[in-house]
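All remarks here apply to the structure that follows.
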Amino acid sequence: MKTLIAMIPAVMLCAAGCSQSPPAGGAPPAPETTSSTAPAKLTPEEQALADAQKVCIVADEELGSMGTPIKVRVRDRDVFICCEGCRDALLADPDKYLAKLDAAEAAKSTPATESDADSGT
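Going by the working numbering, the sequence shown opens with residue 10, and the numbers climb by one from there.
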């Protein structure tokens, strides 16, 4: 009898986890999204620009790692950030981040060659 009484809390604990009924068809429910919270898709032209930029100039995170990159117009330039959390920093100090973007673009356009590496000997 004591064993039976000791098992009652364990059975109740297991049964508590089974209180939800499975969805019809056994498939998990689809995540709820609304058009106001879903990120906007980029046009092919915008996607090409974001792909060329590759990294958020504020957070140094890969663009797309936090969802669809966000395009922000700063001083007549389109800049992509990884999330809304970076918008305030970008707009608060645009010169800093545009200079960072310019430096990254310059580094991509002038790759080091093997002859540059060999000239140091």
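Cβ coordinates follow ideal geometry from the N, Cα and C atoms, glycine included.
Bear in mind the structure is a predicted one, so any value in this text is a computation, not a measurement.
Original post:
At which residues does the beta strand (DSSP E) containing R82 begin and terminate?
Top reply: Its beta strand (DSSP E) spans residues I79 to V83.
Subject >> Under 9 Å between C-beta atoms of R86 and L110 >> reply: Yes, these two residues count as a Cβ contact at 9 Å.
Original post:
Using DSSP with H/G/I as helix, E/B as strand and the rest coil, what is D69?
Top reply: In the structure shown, D69 falls within a coil segment according to DSSP collapsed to helix, strand and coil.
Subject >> Helix, strand or coil at D87 [DSSP, three-state] >> reply: Note: D87 maps to strand in three-state DSSP.
Original post:
Of the residues P53, T119 and I79, which one's Cα is nearest the Cα of V64?
Top reply: Of the candidates P53, T119 and I79, the one whose C-alpha sits nearest the C-alpha of V64 is I79.
Subject >> In DSSP terms, what S74 is bridged to >> reply: BP columns for S74 point to G76.
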